[in-house]
């Protein structure tokens with residue numbers, strides 16, 4: 011495993027060139043949590059109840075604002091307030107996947123105006139480098155960070171092999187804006203050509219498909235434990251959804267709180283094991 | 011070139027199993043147009059002025075509703091009215107690219123409720139077959155059709171080789187719902203394994219990156235002529251954006267009308283050349 015995965019989040023925060031990545035690493039260290047909760051619900055009421063409950067336990071809150079049926083501009087204001095109140099960053103999981111000109115508009119405009127509030131967002135590398143140029147033209151001046159989907163955790167994913175290598179090369183060529191990957195393992199060294207080396211590279215790995223109690227959702231999603239992804243695969247942030255707020259959209263606030271703390275503790279224990287912290 | 015590209019749109023309409031594909035082929039034949047206009051503007055006023063102008067010349071109107079800043083539910087009502095008035099189908103170019111459970115929500119819910127009004131939409135195959143299952147669970151009961159992005163027209167696209175072959179196999183395995191591809195050439199026979207044959211397969215090819223006056227947009231998009239895509243590459247529908255309404259969002263209605271008719275005529279001439287219609 012590469013040297014960056016043996017460094018503490020604080021050490022990495024001090025060195026990271028991108029403001030969104032630096033803020034994320036600092037938040038992780040400050041709150042002692044590498045947990046991100048993915049809030050995939052369709053009603054404002056459920057959305058905000060879950061966020062206000064899991065807020066203290068997460069470094070990053072992952073959203074799909076485009077599934078909220080009663081979305082209105084005030085949703086963003088309230089989300090920003092909760093981000094301040096609980097000290098977490100926001101990651102709109104938009105998975106941009108269009109040509110440069112279109113993604114620039116999708117990122118900045120529309121009813122959701124993602125660039126104006128989402129510290130971090132993500133994109134598929136499939137259109138080629140122009141998708142990064144398009145998003146960067148909007149996000150870089152705002153201090154935002156972009157994650158590329160170098161791999162996916164679903165069965166039969168086509169993001170493998172040369173695809174993954176090309177994704178890493180695209181990230182490496184845009185390190186001012188691309189801060190890492192949605193992936194299942196570290197990408198350090200992936201896609202390097204002969205003679206190339208990148209000793210100071212710190213590309214974050216955020217990993218979905220994490221669960222403690224189940225192995226799949228019946229719709230192609232596969233799950234691994236926090237220890238598997240943090241210790242064995244060297245990932246940096248675990249992303250958990252239904253594992254924390256269940257099938258009833260987090261109606262039982264105490265149960266949600268207990269699960270969030272459980273995943274936070276498991277993720278943090280795994281990190282300490284990885285970097286050999288024993289105090 | 012395969013036999014399907016030598017058939018008329020009417021012949022193909024009569025045989026197609028998917029209601030959205032059948033309706034599209036019938037519309038093409040009835041209106042004598044294989045032109046789709048991509049309306050990529052951020053204001054309702056521009057959006058509806060362009061649609062009302064190009065409506066008579068298109069079989070399919072391609073939208074990005076998520077870039078409309080002053081979007082409100084009435085936009086969908088008005089879009090549906092124009093679809094009736096001018097006799098075209100609607101294609102929300104959403105490029106879904108997430109896991110099954112998420113895309114089902116993005117397709118059905120949120121402020122845009124895409125499945126309720128968009129006859130055709132599209133998805134990237136990169137997550138694997140679960141993206142089709144998720145979208146199909148919503149779209150099939152509504153008689154909708156899905157296009158897969160088997161290729162992209164941007165520089166450095168990763169949708170090539172095995173990726174494209176897998177996309178075609180995923181389509182072939184879901185022919186009740188997947189009606190074809192966003193691609194630059196016919197996909198008949200692509201990805202067939204030894205001994206396999208698909209004589210009755212009719213997967214439509216809709217092709218963006220079509221222009222008569224320019225070769226690129228400076229953000230990675232590359233252009234070909236209607237004749238190149240329809241005759242040489244055997245595609246079925248040409249998708250044109252700025253080539254029709256220019257950089258001023260179609261302020262000059264007469265100029266937009268003239269360009270729409272010009273592209274319609276070029277696309278139809280190319281089709282007649284391909285299927286050898288000389289009357």
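Protein chains in written order, with my numbering: chain C, 11 to 289; chain X, 11 to 289. All residues carry an ideal CB built from backbone N, CA and C; glycine is no exception.
Within 10 Å of its beta-carbon, does residue i have 16 or more other beta-carbons around it, so buried, or fewer, so exposed?
i, result
"residue 25 of chain X", "exposed"
"residue 172 of chain X", "exposed"
"residue 209 of chain X", "exposed"
"residue 20 of chain X", "exposed"
"residue 244 of chain X", "buried"
"residue 30 of chain C", "buried"
"residue 285 of chain X", "exposed"
"residue 82 of chain C", "exposed"
"residue 40 of chain X", "exposed"
"residue 87 of chain X", "exposed"
"residue 125 of chain C", "buried"
"residue 212 of chain X", "buried"
"residue 119 of chain X", "buried"
"residue 114 of chain C", "buried"
"residue 112 of chain X", "buried"
"residue 233 of chain X", "buried"
Could you tell me the distance, in whole angstroms, from the CA atom of residue i to the CA atom of residue j?
i, j, result
"residue 74 of chain X", "residue 282 of chain C", "45 Å"
"residue 11 of chain X", "residue 207 of chain X", "Residue confidence for residue 11 of chain X is low, a pLDDT of 47 falling below 50, so the modelled location carries little weight and cannot support an answer."
"residue 287 of chain X", "residue 18 of chain X", "9 Å"
"residue 65 of chain C", "residue 152 of chain C", "24 Å"
"residue 237 of chain X", "residue 45 of chain X", "12 Å"
"residue 191 of chain X", "residue 269 of chain C", "42 Å"
"residue 147 of chain X", "residue 262 of chain X", "42 Å"
"residue 92 of chain C", "residue 205 of chain C", "47 Å"
"residue 52 of chain X", "residue 117 of chain C", "12 Å"
"residue 69 of chain X", "residue 149 of chain X", "21 Å"
"residue 33 of chain C", "residue 246 of chain C", "14 Å"
"residue 253 of chain C", "residue 143 of chain X", "22 Å"
"residue 55 of chain C", "residue 195 of chain X", "47 Å"
"residue 278 of chain C", "residue 141 of chain C", "34 Å"
"residue 127 of chain C", "residue 102 of chain C", "9 Å"
"residue 105 of chain X", "residue 175 of chain X", "19 Å"
"residue 271 of chain X", "residue 90 of chain X", "22 Å"
"residue 133 of chain C", "residue 214 of chain C", "15 Å"
"residue 42 of chain C", "residue 22 of chain C", "15 Å"
"residue 177 of chain C", "residue 177 of chain X", "19 Å"
"residue 58 of chain X", "residue 167 of chain C", "38 Å"
"residue 79 of chain X", "residue 95 of chain X", "25 Å"
"residue 235 of chain X", "residue 216 of chain X", "14 Å"
Sort out for me which residues DSSP pairs residue i with in a bridge.
i, result
"residue 188 of chain X", "X/156"
"residue 214 of chain X", "X/190"
"residue 145 of chain C", "In DSSP, residue 145 of chain C forms no bridge with anything."
"residue 132 of chain X", "X/157"
"residue 99 of chain C", "C/70"
"residue 121 of chain C", "Residue 121 of chain C pairs with nothing; no bridge assigned."
"residue 250 of chain C", "C/47"
"residue 220 of chain C", "C/234"
Would you call the CB atoms of residue i and residue j closer than 8 Å?
i, j, result
"residue 97 of chain C", "residue 77 of chain C", "no"
"residue 28 of chain C", "residue 258 of chain C", "no"
"residue 218 of chain C", "residue 180 of chain C", "no"
"residue 249 of chain C", "residue 220 of chain C", "yes"
"residue 122 of chain X", "residue 154 of chain X", "no"
"residue 100 of chain C", "residue 71 of chain C", "yes"
"residue 159 of chain C", "residue 169 of chain C", "yes"
"residue 131 of chain C", "residue 109 of chain X", "no"
"residue 293 of chain C", "residue 260 of chain C", "Because chain C here runs from 11 to 289, residue 293 of chain C falls outside it and cannot be looked at."
"residue 107 of chain C", "residue 136 of chain C", "yes"
"residue 14 of chain C", "residue 198 of chain C", "yes"
"residue 67 of chain C", "residue 274 of chain C", "yes"
"residue 241 of chain X", "residue 280 of chain X", "yes"
"residue 267 of chain C", "residue 63 of chain C", "yes"
"residue 264 of chain X", "residue 222 of chain X", "no"
Runs of alpha helix (DSSP H) lying entirely within the region 19-84 of chain C, each at least 4 residues, in chain order: 19-25, 29-41, 54-64
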